[in-house]
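Novice: Here it is: the structure, laid out below.
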Amino acid sequence: MSQIDDLRTKSDDQLTEQLVELKREQFNLRFQAATNQLERPARIREVRRDIARIKTLQTERNRSATAQQA
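For what it's worth, our numbering labels the leading residue of the sequence shown as 104, then goes sequentially.
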């Protein structure tokens, strides 16, 4: 099962919670990169893409909810 499928099974609240956690991790990774303490540079890319996946899914859900109301 792909990452997007895992995200699709989560509720809106769970997605928002995961988004907050990822943004916090991204903030910490940025600080580690600035101080040259970063162990896995590829993790920055992974976190950024996970954030994009969640935001995309949230946008899809909002648009489908709006379309159903209209």
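The beta carbon of each residue, even a glycine, is placed where N, CA and C say it ideally should be.
(1) What's the gap between the Cα of Gln135 and the Cα of Leu141?
(2) Within 10 angstroms of the Cβ of Ile107, are there 16 or more other Cβ atoms? Answer buried if so, exposed if not.
(3) Secondary structure at Glu142, three-state DSSP: helix, strand or coil?
(4) DSSP on Ser105, reduced to helix/strand/coil?
Specialist: According to the data block:
(1) Within the sequence shown, numbered from 1, the residue matching residue 135 stands at position 32. Within the sequence shown, numbered from 1, the residue matching residue 141 stands at position 38. Gln135 and Leu141 have their alpha carbons spaced roughly 5 Å apart.
(2) What you label residue 107 is simply residue 4 of the sequence shown in a count that begins at 1. It is exposed - the Cβ of Ile107 has fewer than 16 other Cβ atoms within 10 Å.
(3) The residue given as residue 142 occupies position 39 in the sequence shown. In the three-state reduction of the DSSP assignment, Glu142 falls in the coil class.
(4) For the purposes of this step, residue 105 is taken as residue 2 along the sequence shown, with counting starting at 1. When DSSP states are grouped into helix, strand and coil, Ser105 belongs to the coil group.
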